[in-house]
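Numbering (full-length UniProt numbering), first residue to last: 1 to 284.
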Amino acid sequence: MKIGIHSMVWVGDWNADAAREAISKSAETGYDLIELSAIAPETFDTALTAKLLEEYGLECSASLGLGPDTDISSEDDDAVARGRERLHLALNLVRDCGGTMLCGVIYGALMKYSHPATERGLDNSRRVLAELADKAKESNISLGLEFCNRYETNVMNTTAQTLEFIKSIGRDNITAHLDTYHMNIEEHSIAGAIRQAAAAGKLGYVHVGESHRGQLGTGSINWTEFLGALKEVEYDGIVTFESFSSKVVHSTFSNDLAIWRNLWDDNVELAKGARQFIREHLGA
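Encoded structure:
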């Protein structure tokens, strides 16, 4: 098992100084991996990022959420085309930095919709993701579909929906990306959802985030159930700590996720505490 941390615990943007700060602090606080926020993958200096990852002995993954103008689950062909381009840039970022996972809300826009997903829109999403998965397979990269709560997507809100969507695409390198923050809102049984994903062979990536997106163990997530279920199914993949505060997070991302207040001020203390919490519960 590899323990990761989201880059936005450290920095909101990604430039030379931010990259060194985020990667060095991730290593210094005991993490194995940093999850790069690929909101704008075209702005990344991938050569520098790869060099810093090697210097500090870290691995990486990358995640993003598409927006209304890049929504591949839309019926707007132009938005779908822009989304496809954004996803392929993000895939190139993962490849060039030596990562093996591109995940997040890569199947539609991260936003509150005013209507259910349409069949045409869902077909667009499947088509783009199938093509992306084929391209990813050439570089031994997997895709993780992060289902979100009903206020952030209309495509998939539960593990069961995600597994069905993955099955409909028919690519073996597409997996389910489980996130405790969203599961705490939508699932009937967190442990049952983990068992279901594991039984399907699609438990590919895990986010651990508290109910209020702050420090682990200080909210309402049932960590004994969640982490116990991961041990039960012998999950040995990536577990990434995700937490956001308006003190650090990128302004656009802050608006998308409704991060309106500072949930913490000291990100080093936050990261160390989360790493210790994970270690104690998983023995990782």
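Virtual Cβ for every residue (Gly too), placed ideally from N, Cα, C. This one's a predicted model, so the numbers in the text were calculated from it and none came from an experiment.
> How is the beta strand (DSSP E) around Gly204 delimited, first residue to last?
Replying inline: Annotation for Gly204: the continuous beta strand (DSSP E) segment containing it runs Leu203 to Val208.
>> As an exercise, report each continuous beta strand (DSSP E) stretch of at least 3 residues that is fully enclosed by the segment 124-171, in chain order.
In response: Positions of the beta strand (DSSP E) runs, each at least 3 residues long and wholly inside the segment 124-171, are given as 142-146 in order along the chain.
> Smallest Cα separation from Met1: which of Gly204, Ser142 and Ser220?
Replying inline: Selected option, being the one with the closest Cα: Gly204.
>> Closer than 8 Å is the cut-off here; do at least three beta carbon pairs connect the segment 230-246 with the segment 264-284?
In response: Cβ pair count under 8 Å is three or more, so yes.
>> Classify Lys167: buried if its beta carbon has 16 or more other beta carbons within 10 angstroms, exposed otherwise.
In response: With a 10 Å radius around the Cβ and a threshold of 16 neighbouring Cβ atoms, Lys167 comes out exposed.
> What residues are listed by DSSP as bridge partners for Leu36?
Replying inline: Paired residues: Ala62.
> Counting along the chain, where does the alpha helix (DSSP H) carrying Leu93 start and finish?
Replying inline: For Leu93, the enclosing alpha helix (DSSP H) covers residues Asp77 to Asp96.
>> Assuming Arg86 and Leu102 are in contact, meaning their beta carbons sit under 8 Å apart, how far apart are those beta carbons, in whole angstroms?
In response: Your pair Arg86 and Leu102 does not check out as a contact, with CB atoms roughly 11 Å apart and the cut at 8 Å.
> Does the Cβ-Cβ distance between His88 and Lys135 come in under 8 Å?
Replying inline: Yes, the Cβ-Cβ distance between His88 and Lys135 is below 8 Å.
> Whose CA, out of Glu42, Ala176, Leu48 and Gly4, lies closest to the CA of Asp17?
Replying inline: Nearest C-alpha to Asp17 among Glu42, Ala176, Leu48 and Gly4: Leu48.
>> Just to confirm, is the Cβ distance from Gly108 to Ser125 under 8 Å?
In response: Yes.
> Per DSSP, what kind of secondary structure is Val105 in: helix, strand or coil?
Replying inline: Strand at Val105.
> Expressed to the nearest angstrom, what Euclidean distance is found between the alpha-carbon atoms of His182 and Ala50?
Replying inline: So the two alpha carbons sit approximately 31 Å from each other.
> So, are the CB atoms of Leu163 and Gln196 less than 8 Å apart?
Replying inline: Taking 8 Å as the Cβ cut-off, Leu163 and Gln196 qualify as a contacting pair.
>> According to DSSP, Val239 sits in a beta bridge with which residue or residues?
In response: According to DSSP, Val239 bridges with Ile3 and Val206.
> Roughly how many whole angstroms lie between the Cα atoms of Thr175 and Glu28?
Replying inline: CA-to-CA, the gap between Thr175 and Glu28 works out to about 30 Å.
>> Let me confirm a value: residue 285 is counted as buried when at least 16 other C-beta atoms fall within 10 Å, else exposed. Which label applies?
In response: Residue 285 falls outside the range modelled here, since the chain spans only 1 to 284, and no answer is possible.
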